[in-house]
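Visitor: The structure under discussion is supplied below as structure tokens; questions concerning it will follow.
Number of protein chains: 2
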Amino acid sequence: MKESERQVQQITPKSEDFSRWYVEIVQKAELADYTPMKGMMVIRPHGYAVWENIQRSLDSRIKAAGHVNAYFPLFIPESFLKKEAEHVEGFSPEVAWVTVGGKEELEERLAVRPTSEAIIGHMYAKWIKSWRDLPVLVNQWANIVRWEKVTRPFLRTTEFLWQEGHTCHETAEEGEAETLKILALYRDFCETELAVPVLTGRKSLSEKFAGASMTYAIEALMSDGKALQMGTSHNLGQHFSKAFDIKFEDRSQTLQYVWQTSWGMTTRTIGALIMVHGDDSGLRFPPRIAPVQVVAVPISIGNWKETVLPVAQAAVEALRGLGLRAELDAREEATPGWKFSEHEMRGVPLRLEIGPRDVKAGQAVLVRRDTGVKETVPLAALPARVPALLDEIQAGLMAQARAFLEANIRDASDYATFKDILENKRGFVRAPWCGDAACEARIKSETMATIRVIPLEDKDAATDQPCVACGAKGQALAYFARSY
Amino acid sequence: MKESERQVQQITPKSEDFSRWYVEIVQKAELADYTPMKGMMVIRPHGYAVWENIQRSLDSRIKAAGHVNAYFPLFIPESFLKKEAEHVEGFSPEVAWVTVGGKEELEERLAVRPTSEAIIGHMYAKWIKSWRDLPVLVNQWANIVRWEKVTRPFLRTTEFLWQEGHTCHETAEEGEAETLKILALYRDFCETELAVPVLTGRKSLSEKFAGASMTYAIEALMSDGKALQMGTSHNLGQHFSKAFDIKFEDRSQTLQYVWQTSWGMTTRTIGALIMVHGDDSGLRFPPRIAPVQVVAVPISIGNWKETVLPVAQAAVEALRGLGLRAELDAREEATPGWKFSEHEMRGVPLRLEIGPRDVKAGQAVLVRRDTGVKETVPLAALPARVPALLDEIQAGLMAQARAFLEANIRDASDYATFKDILENKRGFVRAPWCGDAACEARIKSETMATIRVIPLEDKDAATDQPCVACGAKGQALAYFARSY
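Those protein sequence lines, which keep their order, are chains A and B.
Each residue of the first sequence is one higher than the one before, starting from 55 at the first, in the working numbering.
Each residue of the second sequence is one higher than the one before, starting from 55 at the first, in the working numbering.
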């Protein structure tokens with residue numbers, strides 16, 4: 055390939071300016087684009103195809119865990135948002151308000167949903183009467199609006215897409231079990247489908263969802279050393295059921311408030327795919343989530359349309375017959391070299407090259423996007439080799455990401471080390487913390503790092519060491535990081 | 055079954071009060087519910103499962119026709135809506151406006167999308183440069199808000215869900231071909247999946263989409279004799295490309311405006327399923343779209359849990375293994391009779407009954423929801439018989455709906471007959487029309503009927519008869535009806 059054909063030359067190297075690299079990839083790979091409205095993006099077909107794969111896979115997991123989908127209104131009356139005190143305080147600075155409908159000023163402002171606990175809580179109060187109606191296990195796929203000041207495509211946008219689960223249970227124990235079950239489901243989804251390893255645990259109280267008793271999260275490490283929250287699962291306790299009067303007659307005919315959970319994952323996961331797996335040549339999508347898993351590029355020399363093209367077509371058809379997302383790039387206006395770069399940039403995990411000599415030899419060349427390694431495979435062996443290679447690529451990306459994560463979890467027992475790691479190495483710092491919110495706030499203001507998770511395992515959580523920042527008695531080992 | 059167990063007694067008979075019957079079914083079958091906000095509904099899990107089936111099936115057809123999905127912003131700046139004169143005039147009375155974001159008044163009001171031509175047009179102008187970029191074949195699944203005065207669940211709601219296709223083409227002919235291709239796709243979808251036969255054709259100019267050159271529609275007949283528009287496909291010509299400056303360099307290096315189409319189907323199709331197929335006992339879902347296709351009800355007598363239940367479970371598992379949506383209703387707190395009524399009301403196409411005697415005889419009873427006909431089938435024959443019966447039910451519902459439609463298309467050559475049919479028989483009236491909008495408006499004000507479609511076939515469209523209302527020279531045979 056001529057260097058002049060490399061469209062990736064147009065992308066700023068990752069090591070030079072990570073933020074610029076990210077924004078350029080998003081646009082050049084046509085994942086998303088800016089609109090004239092601040093913070094609102096268009097998810098273009100190549101990006102939306104990733105979201106469709108995420109949706110299909112996550113939705114089937116959510117359903118297999120017993121949940122059903124529903125759809126609640128986009129708007130929430132202002133008075134509803136105000137019913138749960140912490141909730142309104144947390145969300146009201148971020149709300150977009152509808153004040154005019156048709157030609158008329160509305161009597162009450164309507165919030166464009168920043169999350170749906172309030173409207174769903176109102177409906178649950180109407181529907182739930184008895185313990186026989188429980189558990190209620192409902193999920194919704196929807197768009198969400200939060201008026202953000204600083205935005206970045208996929209990572210933080212005024213409008214984003216997500217799923218939000220909202221469940222009701224008879225007992226506190228069942229609510230907690232559901233919260234942790236979803237946390238595990240999210241972790242499995244991220245690691246299996248996205249090849250993104252995560253840390254799991256609870257948030258500190260200052261980082262929890264506005265209105266929750268406890269927030270649990272999964273956190274991933276981006277390749278610039280900053281953390282990204284990939285999903286949250288909230289134990290809502292009885293905060294919303296008391297605010298919205300969601301009561302049921304229990305097994306002993308006593309009226310009780312239900313115990314609730316809510317949990318969500320968003321289009322931000324696409325940002326993680328870019329930042330965990332991408333390299334200087336562009337995206338590297340894990341095969342299980344890639345819009346196109348294999349692209350066949352015929353080498354356009356001589357009478358290739360009569361000789362090479364039919365063979366490439368047949369190979370693609372055979373792979374599609376196996377259920378693979380395979381495509382043929384037969385464009386005449388682009389050279390093979392240009393196509394190679396373009397599909398590399400767009401993150402296609404595997405490239406299949408076929409030229410005239412390959413046709414004569416009854417073979418094709420497979421090129422891995424993750425490692426660049428090439429192998430020559432007999433045409434007849436493609437239907438066996440391609441799926442196996444895709445599995446290897448999925449595993450390879452996961453292994454690489456896990457190694458990076460593990461290499462970037464560092465322990466600190468004193469504040470100087472703690473600050474040095476955050477300033478010069480980034481990644482996660484595991485350190486004892488006193489449990490005090492004021493100390494946590496001081497760490498944040500001095501290091502820009504927050505507690506990402508406090509692991510659930512007793513062995514990690516218990517600590518006898520003094521707090522890394524204030525020296526008071528440590529209460530937990532926490533993972534700190536700078537984050538998106 | 056004891057009559058006292060019939061939960062359907064709570065539903066107003068269809069023949070007595072169709073509107074009340076409709077609203078009661080929607081709520082009692084838990085398809086949807088009202089919210090405190092006028093015209094905004096919740097789509098409950100049973101209703102949303104229908105929408106998911108519609109989505110899956112319609113989406114695969116749209117993709118097979120070469121389209122890809124994307125996602126554009128929920129908000130549209132007011133200035134964008136105003137760029138196409140007819141468009142803003144048509145939609146501005148129905149727009150919900152966001153005027154406050156976070157704590158601040160916005161400089162420019164943002165429309166909550168009533169349709170997305172304006173924001174998509176703006177982006178297309180940015181993306182499209184050359185004929186090589188065409189055609190652009192993009193679809194979006196989204197929520198839409200229109201501030202309606204009179205609302206009814208599914209049929210007309212302030213917020214609804216839909217898909218909207220937005221395509222760009224090199225020539226007027228390609229735009230027209232796309233418009234008609236989608237019209238045919240919609241027709242095939244409605245008739246094959248929903249078992250709802252439709253009339254197809256163009257709208258009169260007074261009924262076309264605000265901003266289109268021509269609107270085509272599919273129209274179905276509800277069982278109360280009123281028409282329902284099931285989907286529309288618009289040839290936008292160059293109206294929006296001129297307003298939004300969407301130009302491309304054509305094959306002879308000349309700048310041209312693109313030719314566009316847009317088209318949509320909505321959650322209103324669920325309303326059609328209710329009104330076309332429902333009866334006094336409740337819903338009758340066509341199997342291809344039914345959330346549950348077959349429900350097994352064990353007859354709970356004696357030691358049924360040891361004898362009947364395992365057999366019912368095995369039967370359900372076997373049906374699921376075939377890919378059928380089969381469920382077991384093993385609830386202990388409900389009697390078989392109560393369950394029969396409930397599943398009838400919820401529209402399950404096929405019921406499988408198994409009692410102790412059936413177990414001994416190695417058989418089960420299948421009861422069709424559409425006809426009530428029962429048949430006894432050996433357990434071993436269920437995996438063959440159930441799918442075949444579901445196909446028969448799908449075909450039976452379609453045949454019944456088609457017979458009703460055909461029996462309710464009547465010709466009128468004079469205005470007295472025309473009015474008599476609309477007043478006393480309802481349904482469609484096929485009549486010659488002069489083509490004059492004033493005459494059309496007079497017919498509407500005098501009979502409450504509008505032109506639903508003007509068929510495309512020349513043989514139907516051409517007419518030598520005088521206009522049914524004014525007696526002027528007829529220009530087309532049109533289908534008139536009262537409608538939702």
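Every residue, glycine too, gets a C-beta built ideally from N, C-alpha and C.
If you're wondering where the values come from, they're calculated on a predicted model, not measured in any experiment.
For Leu215 (chain B), return the contacting residues in chain A, with the cut-off set at a CB-CB distance below 8 Å.
Guide: Position 161 of the second sequence holds residue 215 (chain B). Ordered by position in chain A, the residues that pass the 8 Å Cβ test against Leu215 (chain B) are Tyr125.
Visitor: From what residue to what residue does the beta strand (DSSP E) around Trp216 (chain A) run?
Guide: The sequence position of residue 216 (chain A) within the first sequence is 162, counting from 1. Counting along the chain, the beta strand (DSSP E) containing Trp216 (chain A) begins and ends at Glu213 to His223.
Visitor: Looking at C-alpha atoms only, which residue of A:Thr169, A:Val122 and A:Val348 is the closest neighbour of Asp424 (chain A)?
Guide: On the first sequence, residue 424 (chain A) is found 370 positions in, with the first residue counted as 1. Checking every option, the nearest Cα to that of Asp424 (chain A) belongs to A:Val348.
Visitor: Compare the beta carbon distance of Ile475 (chain B) and Arg464 (chain B) with 8 Å and say whether it is the shorter of the two.
Guide: As a first step, residue 475 (chain B) must be located in the second sequence, where it is residue number 421. As a first step, residue 464 (chain B) must be located in the second sequence, where it is residue number 410. Inclusion of Ile475 (chain B) and Arg464 (chain B) in the CB contact set at 8 Å is warranted, their separation being smaller than that value.
Visitor: Can you give me the Cβ contacts of Glu148 (chain A) inside the same chain, cut-off strictly under 8 Å, excluding the 5 residues immediately before and after it?
Guide: Taking the first residue of the first sequence as position 1, residue 148 (chain A) is located at position 94. Hits under 8 Å: Pro168, Arg200, Trp201 and Glu202.
Visitor: State the CB to CB distance for the pair Val402 (chain A) and Ala344 (chain A), rounded to an integer number of angstroms; the pair is presumed to be in contact (CB under 8 Å).
Guide: Start at 1 with the first residue of the first sequence, and residue 402 (chain A) comes out as number 348. Start at 1 with the first residue of the first sequence, and residue 344 (chain A) comes out as number 290. Between Ala344 (chain A) and Val402 (chain A) the Cβ distance is about 7 Å, and since that is below 8 Å, they are a contact.
Visitor: Which same chain residues end up closer than 6 Å to Lys428 (chain A) when comparing Cβ atoms and leaving out the 5 residues on each side of it in sequence?
Guide: By one-based count along the first sequence, residue 428 (chain A) stands at place 374. For Lys428 (chain A), where only same-chain residues beyond five positions count, the Cβ hits under 6 Å are Val419 and Val421.
Visitor: Taking all protein chains shown into account, do 16 or more other C-beta atoms lie within 10 angstroms of the C-beta of Ser287 (chain B), making it buried, or fewer, making it exposed?
Guide: Numbered from its first residue, the second sequence carries residue 287 (chain B) at position 233. Ser287 (chain B) is buried by the Cβ-count criterion.
Visitor: Measure from the C-beta of Arg305 (chain A) to each C-beta in chain B and report whether the shortest distance is under 8 Å.
Guide: Here residue 305 (chain A) is taken as the residue at index 251 of the first sequence, counted from 1. Not a single CB atom of chain B sits nearer than 8 Å to the CB of Arg305 (chain A).
Visitor: Using 8 Å as the Cβ pair cut-off and three pairs as the minimum, do the stretch 116-125 of chain B and the stretch 139-159 of chain B touch?
Guide: no
Visitor: Mind listing the chain B neighbours of Asp383 (chain A)? Cutoff is C-beta to C-beta under 8 Å, in chain order.
Guide: For the purposes of this step, residue 383 (chain A) is taken as the residue at position 329 of the first sequence. Neighbours of Asp383 (chain A) on chain B: none; closest Cβ ~14 Å, over 8 Å.
Visitor: Within the chosen definition, does the stretch 296-315 of chain B reach the stretch 278-285 of chain B through at least 3 CB pairs nearer than 8 Å?
Guide: The count of Cβ pairs closer than 8 Å, one atom from the stretch 296-315 of chain B and one from the stretch 278-285 of chain B, stays below three, leaving the stretches out of contact.
Visitor: Three-state secondary structure (DSSP) at Leu191 (chain B)?
Guide: Within the second sequence, numbered from 1, the residue matching residue 191 (chain B) stands at position 137. Looking at Leu191 (chain B) - three-state DSSP - the assignment turns out to be strand.
Visitor: Nearest to Trp358 (chain A) by alpha carbon, out of A:Leu234, A:Arg411 and A:Glu224?
Guide: The residue given as residue 358 (chain A) occupies position 304 in the first sequence. Residue A:Arg411 is the option with its Cα nearest to Trp358 (chain A).
Visitor: Just the Cα atoms here: how many angstroms apart are Glu511 (chain A) and Ala535 (chain A)?
Guide: Sequence index remark: in the first sequence, residue 511 (chain A) carries index 457 (1-based). Sequence index remark: in the first sequence, residue 535 (chain A) carries index 481 (1-based). Distance between the alpha carbons of Glu511 (chain A) and Ala535 (chain A): 20 Å.
Visitor: Please report how far the alpha carbon of Ile236 (chain A) lies from the alpha carbon of Tyr311 (chain A), in whole angstroms.
Guide: Mapped onto the first sequence, residue 236 (chain A) falls at position 182. Mapped onto the first sequence, residue 311 (chain A) falls at position 257. Taking the straight line from one Cα to the other gives about 22 Å.
Visitor: Grab the span of the alpha helix (DSSP H) containing Leu112 (chain B) for me, first residue to last.
Guide: The count along the second sequence starts at 1 and reaches residue 112 (chain B) at position 58. Note, Leu112 (chain B): alpha helix (DSSP H), Pro99 to Ala118.
Visitor: Looking only at its own chain, which residues have a Cβ that is under 7 Å from the Cβ of Ala86 (chain A), when we skip the five neighbours before and after it?
Guide: Counting from one through the first sequence, the residue named residue 86 (chain A) turns up at place 32. Cβ neighbours of Ala86 (chain A) beyond the five flanking positions: Val80, Met95, Val96, Ile97, Arg98, Gly101, Pro207 and Phe208.
Visitor: For the alpha helix (DSSP H) containing Phe72 (chain A), list its first residue and its last residue.
Guide: For the purposes of this step, residue 72 (chain A) is taken as residue 18 along the first sequence, with counting starting at 1. Start and end: Phe72 to Lys82.
Visitor: In chain A, what lies closer than 7 Å to Arg98 (chain B) by C-beta?
Guide: Residue 98 (chain B) sits at position 44 when you count from the first residue of the second sequence. Neighbours of Arg98 (chain B) on chain A, chain order: Ala124.
Visitor: Given that a residue counts as buried once 16 or more other Cβ atoms are within 10 Å of its Cβ, and exposed if not, what is Gly356 (chain A)?
Guide: Here residue 356 (chain A) corresponds to residue number 302 of the first sequence, with the count starting at 1. Exposed.
Visitor: Taking only runs that begin and end inside the stretch 406-437 of chain B, name each unbroken alpha helix (DSSP H) of 4 or more residues, in chain order.
Guide: 410-415
Visitor: Count the other CB atoms, across all protein chains shown, that sit within 10 Å of the CB of Pro432 (chain A); report buried if there are 16 or more and exposed otherwise.
Guide: Taking the first residue of the first sequence as position 1, residue 432 (chain A) is located at position 378. Under a 10 Å Cβ-count criterion, Pro432 (chain A) is classified as exposed, with fewer than 16 other Cβ atoms of the shown protein chains found around its own Cβ.
Visitor: So, is the C-beta of Met319 (chain A) closer than 8 Å to a C-beta in chain E?
Guide: Absent from the structure: chain E. Protein chains present are A and B.
Visitor: Using the Cβ count rule (16 or more neighbours within 10 Å means buried), how would you classify Met55 (chain B)?
Guide: For the purposes of this step, residue 55 (chain B) is identified with residue 1 of the second sequence, where counting begins at 1. Annotation note: pLDDT 38 at Met55 (chain B) (below 50); position unreliable, no value reported.
Visitor: With a threshold of 8 Å between beta-carbons, can Gly156 (chain B) be considered close to chain A, or not?
Guide: For this step, residue 156 (chain B) is matched to residue 102 along the second sequence. It does: the Cβ of Gly156 (chain B) has a partner Cβ on chain A nearer than 8 Å.
Visitor: Short of 9 Å Cβ to Cβ, which residues in the stretch 173-190 of chain B face chain A?
Guide: Ile173, Ile174, His176, Met177, Lys180, Trp181 and Arg186
Visitor: Helix, strand or coil for Phe263 (chain A)? Go by DSSP, reduced to three states.
Guide: Your numbering for residue 263 (chain A) matches position 209 in the first sequence. DSSP places Phe263 (chain A) in coil when its eight states are reduced to three.
Visitor: Return no unless some Cβ of chain B is closer than 8 Å to the Cβ of Asp87 (chain A).
Guide: In the first sequence, counting from the first residue as 1, residue 87 (chain A) sits at position 33. Yes, its Cβ sits closer than 8 Å to a Cβ of chain B.
Visitor: Quick one: which chain A residues come within Cβ less than 8 Å of Ala568 (chain B)?
Guide: Examination of residue 568 (chain B) is not possible in this model, given that chain B is present from 55 through 538 alone.
Visitor: Since Pro67 (chain B) is in the alpha helix (DSSP H), which residue starts that stretch and which ends it?
Guide: Along the second sequence, one-based indexing puts residue 67 (chain B) at 13. Looking at the DSSP string, Pro67 (chain B) is not in any alpha helix (DSSP H), and its letter there is neither H nor E.
Visitor: Give the single residue among B:Cys222, B:Leu160 and B:Trp216 whose Cα lies nearest to the Cα of Leu188 (chain B).
Guide: Stepping through the second sequence from its first residue, residue 188 (chain B) is reached at position 134. Nearest of B:Cys222, B:Leu160 and B:Trp216 to Leu188 (chain B), Cα basis: B:Cys222.
Visitor: Find the nearest neighbour of Asp113 (chain B) within the set A:Lys137, A:Lys117 and A:Glu106, judged by alpha-carbon distance.
Guide: Here residue 113 (chain B) is taken as the residue at index 59 of the second sequence, counted from 1. Taking only the C-alpha atoms, the option nearest Asp113 (chain B) is A:Glu106.
Visitor: For Phe129 (chain B), go through chain A and note every residue whose CB falls closer than 7 Å to its CB, in chain order.
Guide: Counting from 1 along the second sequence, the entry for residue 129 (chain B) is found at position 75. Those within 7 Å of Phe129 (chain B) in chain A are Met91 and Met94.
Visitor: Check whether the Cβ atoms of Phe126 (chain B) and Gln217 (chain B) lie closer than 8 Å to each other.
Guide: Residue numbering aside, residue 126 (chain B) sits at position 72 when the second sequence is read from its first letter. Residue numbering aside, residue 217 (chain B) sits at position 163 when the second sequence is read from its first letter. Not closer than 8 Å, so no.
Visitor: What's the gap between the Cα of Ala455 (chain A) and the Cα of Val77 (chain A)?
Guide: Here residue 455 (chain A) corresponds to residue number 401 of the first sequence, with the count starting at 1. Here residue 77 (chain A) corresponds to residue number 23 of the first sequence, with the count starting at 1. Looking at the two C-alpha atoms, the distance is approximately 21 Å.
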